[in-house]
Each structure stands twice: as structure tokens, then as C-alpha cells.
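Colleague:
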């Protein structure tokens, strides 16, 4: 028995959104997009409306400018256009079914930046340059230096140097050595080359110490500038005593 083939005169209608062939008796709606009529099945009407497609029945009720704005504002249709095998663009860049999506190559999207002549277009404003980094002032505090007026004559320099020496810790060194070697001879003499420097030399037969006091920077304190084991190592001017040390190691000037 030969099977019968039933032929119908109904033309096959495909949905321009999903690419599916509509079933017999299934209703299709007509939408407008980019000036062309598009066939949309009942399952895709909401999707087409979300993409800015306009029902043909409502097209006459919308202002021309509003229709143009909705068509231009469809990002899906502007960004994701695909090229069909016959060279024509698919409707609004929507997928025409799983097979069509796999076979058709995608074009690189071109990002539109609007039309300067379109009153609805708002030009992008370049962001303001970042402010230069703030330079914090240095928090380092310079060491305070106490500068005193330097006495003008030798006697005043010697007297002030003795006061600074006695206020330091060095008299204890002189006192400690004196307990073993006896009282030292002491010479207080201003420097011949530096006007604010006064040297104080304390000597014994077996050792000697030379201290320096800077009268221009008394806060720097008294420092040991030299020491030795033989009195012969001293300059002749440092071997002529003009001061003495008591049991505490403090120095006092002797009238010459």
C-alpha cells in the first residue's frame, strides 16, 4: 500500500526573531523595525517589543521622533548585528535559531557614540585630570643650636669656658685620676686660630687630657680633643699652669 502525501497550499512563515517555522493555525504579528516589516510569532512578541520593534497596528499612533528614538536606542539591534548567508543582515541582530547562530559569523560590534545633529544626543565630557599629588612638608625638625655671644677678651673666654666645664661630667674624670696621681696642673687657653674655642688641659706626670669648649655653641657640650701619656707631647704653652682643680675635679682660675 502506497502512503499518501498530503500537500497544503499554506506558505511556510518563519519568525524573524527566533527563526522558527510557525505551525498551522498559529497566529503571527507584524512589527516594524528599521522601516521593514517583520513577522513575529506569539512567543517572541514581548522580546521584539523590548528591543524597540513597533507593532504595525500601533505605528501610526506614535510620533515620528519617538519611533526614531526607539529604533535608534535598541542596543541589541545596533551592537549585535549578524550577517546572514545571503549577505543581508538578520532582523535587528536577533538570533534566527540555534542552527543559524552556529553557522553565521559574528561581526565585531562597532560602538556608536551618537549623532551630533541629533537633539537627543548628549556629547560625552572628558573627565577632569586628576589633581597633582600633595607634597607633604618635611616633618624633620632641625637641631636647635644655641649660639651665644662670644666674649671679646681672653680673660672672659677663660672664665666662661671654666663655667661650662664645671657644669659637665668631665670633672669626675679629673677627680678620679687625681685620687691616684695627685693634683694635676691645669692650663686654660683660648685657641689662637678659632675665636670661640677654648682648650682646657689637665696633666699629670703619667698622662694628660685636653678638652675643648665652643663658646658659640655651648649646648654641644665639652669634648675631649686629645690625650696622651707624656707631658713632653704638649705644646710649651700648654705646660704653663694658670688654673687648678679641687677634690671634685672642678677648675678655678688662678690669678697670674
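In the numbering used here, the protein residues as written are 1 to 256.
Glycine residues also receive a C-beta, built at the ideal position from the N, C-alpha and C atoms.
Reducing DSSP to helix, strand and coil, say where residue 181 ends up.
Modeller: If DSSP states are grouped into helix, strand and coil, residue 181 belongs with the helices.
Colleague: Quick check: residue 26 and residue 44, are their CB atoms within less than 8 Å of each other?
Modeller: It is not a contact, given that the beta carbons lie outside the stated cut-off.
Colleague: To the nearest angstrom, how far is the alpha carbon of residue 206 from that of residue 229?
Modeller: Taking the straight line joining both Cα atoms gives about 5 Å.
Colleague: Using a Cβ distance threshold of 8 Å, determine whether the segment 211 to 229 contacts the segment 153 to 165, with at least three qualifying pairs required.
Modeller: With a cut-off of 8 Å, the segment 153 to 165 and the segment 211 to 229 count as touching, because enough Cβ pairs lie within range.
Colleague: If you drop the 5 nearest sequence neighbours on each side, which residues of the same chain put their C-beta closer than 7 Å to that of residue 253?
Modeller: Once the five neighbours on either side are set aside, the close Cβ partners of residue 253 are 158, 159, 162, 188, 242 and 243.
Colleague: Tell me, please, which residues DSSP counts as bridged to residue 214.
Modeller: Residue 214 is bridged to 197.
Colleague: So what's residue 30 in DSSP terms, helix, strand or just coil?
Modeller: DSSP places residue 30 in strand when its eight states are reduced to three.
Colleague: Measure the alpha-carbon distance for residue 172 versus residue 133 and round it to whole angstroms.
Modeller: So the two alpha carbons sit approximately 56 Å from each other.
Colleague: Could you pull out every residue in the same chain whose Cβ sits closer than 6 Å to the Cβ of residue 14, ignoring the five residues on either side in sequence?
Modeller: Taken in chain order, the residues that qualify are 21.
Colleague: Determine the DSSP secondary structure at residue 241, reduced to helix, strand or coil.
Modeller: Residue 241: coil per DSSP, three-state reduction.
Colleague: For residue 90, count neighbouring C-beta atoms within 10 Å of its own C-beta (all shown protein chains included) and say buried if the count is 16 or more, exposed if not.
Modeller: Reliability fails at residue 90, whose pLDDT of 43 lies under 50, so the model's placement of it is uncertain and no value is given.
Colleague: Given a threshold of 16 other Cβ atoms within 10 Å of its Cβ, counted over all protein chains shown, does residue 51 qualify as buried or as exposed?
Modeller: Buried, by the Cβ-count rule.
Colleague: Residue 175 CB to nearest chain D CB: under 8 Å?
Modeller: Of the protein chains in this structure there is only one, and it is not chain D.
Colleague: Nearest-angstrom Cα distance between residue 179 and residue 219?
Modeller: When rounded, the distance between both Cα atoms is 30 Å.
Colleague: Residues bridged to residue 38 by DSSP?
Modeller: Bridge partners of residue 38: 31.
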